[in-house]
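Student:
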Amino acid sequence: MTQFAYTAIAVAGSGGAPGAIVRGREEAPDERRLRSELRQRGLLVLEARPVRLRDALRASLGGSGGLKSRDVEWFFGTLRTLLASAVPIESALATMQELAPSERMRSVCGDVRSKLRGGSSLADAVASRAGLAQPRHLALLRAGHESGQLAHAVALIDSGLATARRIRSTVTGRLIYPAILLVAAVGAVWFLATFVVPKFAATLEALGGDLPLSTRVTLGAARAAVWVAPAVLVTGVVLWALRGRLIGRATRARLSRLALRTPLVGGLVWHREGAVISDVIATMIEGGADVLAGLEQAEQVVGSPAIGERLTAARRRIREGTDLGEAFADARVLPPMVSAVLRVGIKGGDLTGGLRRASDMCVSHQERVTEKLLVLLEPAVIVVMAGAVGWVVYSLVMGMLAMNDLGGL
Numbered sequence: 420m421t422q423f424a425y426t427a428i429a430v431a432g433s434g435g436a437p438g439a440i441v442r443g444r445e446e447a448p449d450e451r452r453l454r455s456e457l458r459q460r461g462l463l464v465l466e467a468r469p470v471r472l473r474d475a476l477r478a479s480l481g482g483s484g485g486l487k488s489r490d491v492e493w494f495f496g497t498l499r500t501l502l503a504s505a506v507p508i509e510s511a512l513a514t515m516q517e518l519a520p521s522e523r524m525r526s527v528c529g530d531v532r533s534k535l536r537g538g539s540s541l542a543d544a545v546a547s548r549a550g551l552a553q554p555r556h557l558a559l560l561r562a563g564h565e566s567g568q569l570a571h572a573v574a575l576i577d578s579g580l581a582t583a584r585r586i587r588s589t590v591t592g593r594l595i596y597p598a599i600l601l602v603a604a605v606g607a608v609w610f611l612a613t614f615v616v617p618k619f620a621a622t623l624e625a626l627g628g629d630l631p632l633s634t635r636v637t638l639g640a641a642r643a644a645v646w647v648a649p650a651v652l653v654t655g656v657v658l659w660a661l662r663g664r665l666i667g668r669a670t671r672a673r674l675s676r677l678a679l680r681t682p683l684v685g686g687l688v689w690h691r692e693g694a695v696i697s698d699v700i701a702t703m704i705e706g707g708a709d710v711l712a713g714l715e716q717a718e719q720v721v722g723s724p725a726i727g728e729r730l731t732a733a734r735r736r737i738r739e740g741t742d743l744g745e746a747f748a749d750a751r752v753l754p755p756m757v758s759a760v761l762r763v764g765i766k767g768g769d770l771t772g773g774l775r776r777a778s779d780m781c782v783s784h785q786e787r788v789t790e791k792l793l794v795l796l797e798p799a800v801i802v803v804m805a806g807a808v809g810w811v812v813y814s815l816v817m818g819m820l821a822m823n824d825l826g827g828l
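Counting with this note's numbering, you get residues 420 to 828 for the letters of the sequence shown.
#1: Is there contact here, the stretch 688-695 with the stretch 771-785, by at least three beta-carbon pairs under 8 angstroms?
#2: Considering Cα atoms alone, identify which of 469, 721, 577 is closest to residue 503.
#3: Would you list the one or two residues that DSSP bridges to residue 425?
#4: Excluding sequence positions up to five away, which residues of its chain have a Cβ less than 6 angstroms from the Cβ of residue 809?
#5: By DSSP's criteria, residue 462 is part of a beta bridge. Which residues make up the other side?
#6: Residue 755 lies in the alpha helix (DSSP H); which residues open and close that run?
#7: Which of the three DSSP states is assigned to residue 584 in this structure?
#8: Given residue 741, which residues of its chain have a CB within under 7 angstroms of its CB, disregarding the five upstream and five downstream residues?
#9: Of the residues 722, 698, 743, which one's Cα is nearest the Cα of residue 560?
#10: Quick check: the Cα distance between residue 753 and residue 747, rounded to an integer number of angstroms?
#11: Only counting the same chain, and skipping five residues up and downstream in sequence, which positions put a Cβ closer than 6 angstroms to that of residue 829?
#12: Taking DSSP as the reference, what is the three-state secondary structure of residue 548?
#13: So, at 6 angstroms on beta carbons, what are the nonlocal neighbours of residue 672 in its own chain, with the 5 sequence-adjacent residues on each side left out?
#14: Taking the C-alpha atoms as reference points, what is the distance between residue 700 and residue 717?
#15: With a 10 Å radius around its C-beta and 16 neighbouring C-beta atoms as the bar for buried, classify residue 480 as buried or exposed.
#16: If we call anything under 8 angstroms between Cβ atoms a contact, is residue 801 one with residue 600?
#17: Measure the alpha-carbon distance for residue 551 versus residue 814 and round it to whole angstroms.
#18: Assuming residue 702 and residue 571 are in contact, meaning their beta carbons sit under 8 angstroms apart, how far apart are those beta carbons, in whole angstroms?
#19: From the beta carbon of residue 519, is the nearest beta carbon of chain B less than 8 angstroms away?
#20: Beta-carbon separation of residue 495 and residue 557 under 8 angstroms?
#21: Can you tell me which of 780, 743, 778, 519 puts its alpha carbon nearest to the alpha carbon of residue 768?
#22: CA-CA distance, residue 797 and residue 675?
#23: Give me the Cβ distance between residue 750 and residue 729, rounded to the nearest whole Å; I'm assuming they're in contact under 8 angstroms.
#24: Under three-state DSSP, which class holds residue 709?
#25: Under the assumption that residue 555 contacts residue 720 (Cβ atoms under 8 angstroms), give the Cβ distance between them as a whole number of angstroms.
#26: Report the CB separation of residue 713 from residue 562 in whole angstroms; it is logged as a contact under 8 angstroms.
#27: Counting only the same chain and skipping the five closest in sequence on each side, list residues whose C-beta sits under 7 angstroms from that of residue 817.
#28: According to DSSP, simplified to helix, strand and coil, what is residue 811?
#29: Would you call the CB atoms of residue 541 and residue 528 closer than 8 angstroms?
#30: Classify residue 450 as buried or exposed, calling it buried when 16 or more other Cβ atoms lie within 10 Å of its own Cβ.
#31: Confirm, please, whether the CB-CB distance from residue 757 to residue 777 is below 8 angstroms.
#32: Could you pull the start and end residues of the alpha helix (DSSP H) that residue 494 belongs to?
#33: Measuring alpha carbon to alpha carbon, tell me which residue in 764, 426, 453 is nearest residue 442.
#34: Compare the beta carbon distance of residue 711 and residue 734 with 8 angstroms and say whether it is the shorter of the two.
#35: Helix, strand or coil, according to DSSP, for residue 796 in the structure here?
#36: So the candidates are 637, 764, 684; which of them puts its Cα closest to the Cα of residue 807?
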């Protein structure tokens with residue numbers, strides 16, 4: 420069990436004044452379970468952090484629950500197929516438990532099935548198993564449950580996982596060649612700087628000569644890299660693992676706003692959040708819920724605090740009677756082109772269709788930008804590594820010339 424320090428807002432049924440800020444400590448297997456348990460007690464968690472250092476490291480580095488991406492893809496892909504065939508959810512999970520490809524997935528299906536039989540929704544049952552679903556997937560499941568479109572929500576999750584797998588495969592395939600070049604170049608530079616350059620230095624010192632500036636720079640960089648590189652690597656890993664403890668809510672909001680203003684990165688973040696928001700709202704509306712209910716679900720899954728602030732502002736305007744498309748455009752919830760597509764759908768009387776097209780546009784944009792970045796990555800790695808190797812070779816040649824000059828004296 421991990422002990423968490425949390426900050427939450429009291430809502431109706433919590434026994435306290437609605438809207439009151441509640442702070443405390445609670446033990447739970449993971450953060451998702453903590454949020455779920457506190458939500459059942461009428462507390463909406465704003466922030467939760469592991470108290471102990473080892474818990475923070477374990478949560479950051481081992482939070483997948485032992486599940487791999489292919490396990491998650493199998494779970495939702497199989498569940499989608501069974502639900503599309505009109506198989507009841509409990510029977511579908513029983514079939515999946517029987518046909519699971521591994522003991523691990525058999526245990527996962529059994530746990531989810533037990534939660535369902537105990538009265539939990541599919542979202543809560545899936546959330547009880549760490550690593551099985553991301554927050555946006557849980558939001559889609561809750562939206563599907565509340566709107567009666569559970570099979571459609573599962574289909575959206577499966578499609579999203581397939582898209583992520585396709586992007587991941589493309590990235591991996593494109594990175595293989597640059598990675599080989601990078602490893603080979605780093606190995607060559609390390610060998611030259613560690614074994615060859617010091618021998619030149621020793622020889623020149625024995626002859627009473629001085630190393631050229633380029634050779635001294637290379638030798639100094641090699642000596643520093645032996646100690647600095649491991650320290651930087653370890654520090655980076657620790658900081659990444661403890662980012663939840665070191666970065667507060669206000670800092671995350673500032674970083675989020677900075678990320679949105681960053682070229683390329685801002686566009687990717689904006690379109691990623693836009694796809695999730697559009698999918699969640701469309702799923703809720705298709706099940707008969709209103710726009711405000713869809714916005715409430717979307718607010719719970721937005722990963723960017725800056726986009727979350729915009730979504731909250733848009734929701735406030737919609738409650739006052741503003742059109743969804745106009746509110747989104749004014750609050751800049753969606754990218755301009757995506758927002759225009761949504762407004763066209765609303766004007767044409769097809770709100771859900773406009774939301775689906777907006778989501779597709781966001782996903783397509785992410786794929787296009789990723790593809791362009793990968794196209795530029797290969798020559799960039801080649802140029803950088805060629806420059807590094809060329810500099811080392813140049814420093815060696817200068818050292819050799821210095822030795823020749825001394826030998827000719």
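Just so it is clear, CB atoms sit at the ideal spot from N, CA and C, and this is done for glycine as well. Just so it is clear, the structure is predicted and the values come from calculations on it, not from any experiment.
Tutor: In brief:
#1: Yes: the two stretches touch, three or more of their Cβ pairs being nearer than 8 angstroms.
#2: Within the sequence shown, the letter at position 84 stands for residue 503. Answer by Cα proximity: 577.
#3: On the sequence shown, position 6 is the one that residue 425 refers to. In the DSSP output, where bridge partners are listed per residue, residue 425 has 443, 467.
#4: Your numbering for residue 809 matches position 390 in the sequence shown. Excluding sequence neighbours, residue 809 sits near nothing in its chain.
#5: For this step, residue 462 is matched to residue 43 along the sequence shown. Residue 462 is bridged by DSSP to 429.
#6: For the purposes of this step, residue 755 is identified with residue 336 of the sequence shown, where counting begins at 1. Here the alpha helix (DSSP H) through residue 755 covers 755-766.
#7: Mapped onto the sequence shown, residue 584 falls at position 165. Three-state result, residue 584: helix.
#8: Locating residue 741 in the sequence shown gives position 322, where the first residue counts as 1. Counting only Cβ-Cβ distances below 7 angstroms, and skipping sequence neighbours, we find nothing.
#9: Locating residue 560 in the sequence shown gives position 141, where the first residue counts as 1. Measuring C-alpha to C-alpha distances from residue 560 to each of 722, 698, 743 identifies 698 as the nearest.
#10: On the sequence shown, position 334 is the one that residue 753 refers to. On the sequence shown, position 328 is the one that residue 747 refers to. When rounded, the distance between both Cα atoms is 7 angstroms.
#11: Because the chain spans 420 through 828 in this model, residue 829 falls outside it and cannot be assessed.
#12: Looking up residue 548 in the sequence shown gives position 129. Coil.
#13: If you number the sequence shown from 1, residue 672 lands on position 253. Hits under 6 angstroms: 724.
#14: Counting from one through the sequence shown, the residue named residue 700 turns up at place 281. Counting from one through the sequence shown, the residue named residue 717 turns up at place 298. Each residue's Cα considered, the two are about 7 angstroms apart.
#15: Numbered from its first residue, the sequence shown carries residue 480 at position 61. Its pLDDT being 48, under 50, residue 480 is placed unreliably by the model, and the measurement read from it follows with that caveat. Exposed: under 16 other Cβ atoms inside 10 Å.
#16: Position 382 of the sequence shown, counted from the first residue, corresponds to residue 801. Position 181 of the sequence shown, counted from the first residue, corresponds to residue 600. Taking a C-beta distance under 8 angstroms as the contact criterion, residue 801 and residue 600 qualify as a contact pair.
#17: Mapped onto the sequence shown, residue 551 falls at position 132. Mapped onto the sequence shown, residue 814 falls at position 395. Cα to Cα, residue 551 sits roughly 53 angstroms from residue 814.
#18: What you label residue 702 is simply residue 283 of the sequence shown in a count that begins at 1. What you label residue 571 is simply residue 152 of the sequence shown in a count that begins at 1. Taking C-beta atoms under 8 angstroms as the contact rule, residue 702 and residue 571 qualify, at a distance of about 6 angstroms.
#19: The structure shown contains no chain B; it holds only a single protein chain.
#20: For the purposes of this step, residue 495 is taken as the residue at position 76 of the sequence shown. For the purposes of this step, residue 557 is taken as the residue at position 138 of the sequence shown. With contacts defined as CB atoms closer than 8 angstroms, residue 495 and residue 557 fail to qualify as a contacting pair.
#21: The residue you call residue 768 lines up with position 349 of the sequence shown. Out of 780, 743, 778, 519, 743 has the C-alpha closest to the C-alpha of residue 768.
#22: Mapped onto the sequence shown, residue 797 falls at position 378. Mapped onto the sequence shown, residue 675 falls at position 256. Near 29 angstroms, if we compare the C-alpha coordinates of residue 675 and residue 797.
#23: To locate residue 750, count along the sequence shown from 1; it is residue 331. To locate residue 729, count along the sequence shown from 1; it is residue 310. Residue 729 and residue 750 do touch by the CB rule: their CB atoms are close to 5 angstroms apart, below 8 angstroms.
#24: Counted from its first residue, the sequence shown places residue 709 at position 290. Coil at residue 709, not helix or strand.
#25: Within the sequence shown, numbered from 1, the residue matching residue 555 stands at position 136. Within the sequence shown, numbered from 1, the residue matching residue 720 stands at position 301. That pair is a contact at about 5 angstroms.
#26: Residue mapping note: residue 713 aligns to position 294 of the sequence shown, counting from 1. Residue mapping note: residue 562 aligns to position 143 of the sequence shown, counting from 1. Between residue 713 and residue 562 a beta carbon distance of about 7 angstroms is seen, short of the 8 angstroms cut, so the two are scored as contacting.
#27: The count along the sequence shown starts at 1 and reaches residue 817 at position 398. 631, 633, 634, listed in sequence order.
#28: For the purposes of this step, residue 811 is taken as the residue at position 392 of the sequence shown. In this structure, DSSP gives residue 811 a helical state, which the three-state scheme calls helix.
#29: Residue 541 sits at position 122 when you count from the first residue of the sequence shown. Residue 528 sits at position 109 when you count from the first residue of the sequence shown. With contacts defined as CB atoms closer than 8 angstroms, residue 541 and residue 528 fail to qualify as a contacting pair.
#30: The residue labelled residue 450 in the question sits at position 31 within the sequence shown. By the 10 Å Cβ count, residue 450 comes out buried.
#31: Residue numbering aside, residue 777 sits at position 358 when the sequence shown is read from its first letter. Residue numbering aside, residue 757 sits at position 338 when the sequence shown is read from its first letter. Against a cut-off of 8 angstroms, the Cβ pair of residue 757 and residue 777 comes out as a contact.
#32: Residue numbering aside, residue 494 sits at position 75 when the sequence shown is read from its first letter. Its alpha helix (DSSP H) spans residues 488-503.
#33: As a first step, residue 442 must be located in the sequence shown, where it is residue number 23. Per the Cα distances, 426.
#34: Indexing the sequence shown from 1 puts residue 711 at position 292. Indexing the sequence shown from 1 puts residue 734 at position 315. Yes, they are a contact pair.
#35: Walking along the sequence shown from the start, residue 796 turns up at place 377. Helix.
#36: As a working note, residue 807 is residue 388 in the sequence shown. If we check each option's Cα against that of residue 807, 637 comes out closest.
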